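Here the structure comes first, spelled out in structure tokens, and everything after it is commentary.
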Amino acid sequence: MNIGDKVRLVHGREEGVIYAFLPGNVVEIEIEDGFRIPVLKNEIVTISPVESQRLIKNADSKKIGSQQDAIVPRSAPFAEKGIYLAFVAVNDKAVTMHVINNSDWTLPFTAAAVHESVSTGLTAGVLLPRTSQKLTELLMKDFESWPVFEFKILYYRSGNYSLPQALHKRIKCRAQSFYKNKRKAPVLEKEAFIYQLDEENLKKEVQPYAENLSEELKNSMLGGTESKPAPIEKPQAIVDLHIEKLAVNTAGISKDNMLKTQLAAFESNLELAIANGMDEITFIHGAGSGVLREELHRRLGKNPHVNYFKDAQKEKFGYGATLVKIK
């Protein structure tokens, strides 16, 4: 199951679309009229596109003899989200990359590969609801040198609606996160390594960013003036990972979630430093129990873009800060 999939309750008549996955194996479903309800994952089943079309056709063709016999097709909620980037293994040496639209929007889009500020177009077009498009094929032996993948996406549907902000995402895949994201891809119905492009709380392992599209960018997508690649945000040279410095409401937050928040900030700033070609970056994590410091050092030791790391400014922080030298 994926965000945007249409589902039906096992012990009820409600139908809707998956809006979010919550802790405790709970799924938030958006039903008719925009209401959202939490249900256990094992209490819902997916509705295939084929089944939906068959129900509509049966309803249209059936002669209604009485009010009791009438078949009234349920108006399914509009699936607002469900845009994915998927890597499907061809064999043990190569993967094909696909962009997937599992939402009900029609999506004019462009896709490009960016290497050292130079963009190479992969494709452009219109992605219809519940469809996908192959972008390119990649060799796994070149994984570390894969480019940044850039997507510029607009939203469209007929009728009256509230227009979402246009989507602009740049993604750099990392080995430590790539293999954690394997599951069945929506629409393709194949095992794949997946990143969701329109996810509100983007996974910390991927380093995309979003911003509003300017008129210049919109014009370029419609065949007008060519736009330059958007700059990547540059992090501070010293990043304080103390939870109160991360603008997080700590009221009632568990130690586990606190650690996840700190690690997300660490990963995000490290990836930005690498993408910006910075020589070094320092993380202030504090001494404390040493759990955060130990996890940071474990991840740094596996990162191929890190030259070395060491305790920083011992006279000021003791063992509470780490200097990272980037290759």
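Note that full-length UniProt numbering numbers the sequence shown so that position 32 is 32, with each residue one more than the last.
Glycine residues also receive a C-beta, built at the ideal position from the N, C-alpha and C atoms.
Keep in mind the model is a prediction, meaning the values are calculated, not measured.
- Judged by DSSP in its simplified three-state form, D240 adopts strand.
- Here V99 is not near V148, since their CB atoms are 8 Å or more apart.
- Per DSSP, the unbroken beta strand (DSSP E) holding E15 starts and ends at E15 to L22.
- Following the DSSP letters along the chain, one finds K6 inside the beta strand (DSSP E) bounded by residues K6 to L9.
- At the C-beta level, G159 and P77 stay beyond 8 Å of one another.
- Per the coordinates, the alpha-carbon of I83 lies some 46 Å from the alpha-carbon of K314.
- Put simply, the backbone Cα of Q133 is about 43 Å away from that of H285.
- In the structure shown, the three-state DSSP call for L107 is strand.
- The secondary-structure analysis by DSSP pairs E199 with nothing; it has no beta-bridge partner.
- Contiguous alpha helix (DSSP H) elements confined to the region 126–187 occur at 175–178, taking only those with 4 or more residues.
- In the structure shown, the three-state DSSP call for I3 is coil.
- Residue D104 holds the alpha-carbon nearest to the alpha-carbon of I3 among T96, D104, D256 and R298.
- Assignment of M278 by DSSP, reduced to helix, strand and coil, places it in the coil class.
- Here S117 carries a coil assignment [DSSP, helix/strand/coil].
- If you compare the alpha carbons of A185, L128 and F151 with that of A89, the shortest gap goes to A185.
- Straight-line spacing of the CA atoms in S289 and T282 works out to 19 Å.
- V27 and K316 have their C-alpha atoms some 47 Å from each other.
- In the DSSP assignment, V291 falls within the unbroken alpha helix (DSSP H) covering V291 to K302.
- With a 10 Å radius around the Cβ and a threshold of 16 neighbouring Cβ atoms, H242 comes out exposed.
- Beta-bridge partners of M97 (DSSP): F87 and T136.
- The Cβ atoms of Y155 and P164 sit closer than 8 Å to each other.
- Residue burial is scored here from C-beta neighbours: N249 has fewer than 16 other C-beta atoms within 10 angstroms and is therefore classed as exposed.
- Spatial neighbours of D240 in its own chain (CB-CB distance under 7 Å, excluding positions within 5 residues in sequence) are listed in chain order as I284.
- As the crow flies, the alpha-carbon of L296 is around 38 Å from that of T123.
- The beta carbons of L135 and L107 sit no closer together than 8 Å.
- Looking at the DSSP output, I284 shares a beta bridge with D240 and A321.
- Of the residues assessed, E137 falls on the exposed side of the cut-off, its CB having fewer than 16 other CB atoms within 10 angstroms.
- Around the beta carbon of S117, fewer than 16 other beta carbons lie within 10 angstroms, which makes this residue exposed.
- Taking the Cα of F143 as reference, the smallest distance to any Cα among S177, T131 and P129 is reached at S177.
- Rounded to whole angstroms, R174 and N276 show a C-alpha spacing of 16 Å.
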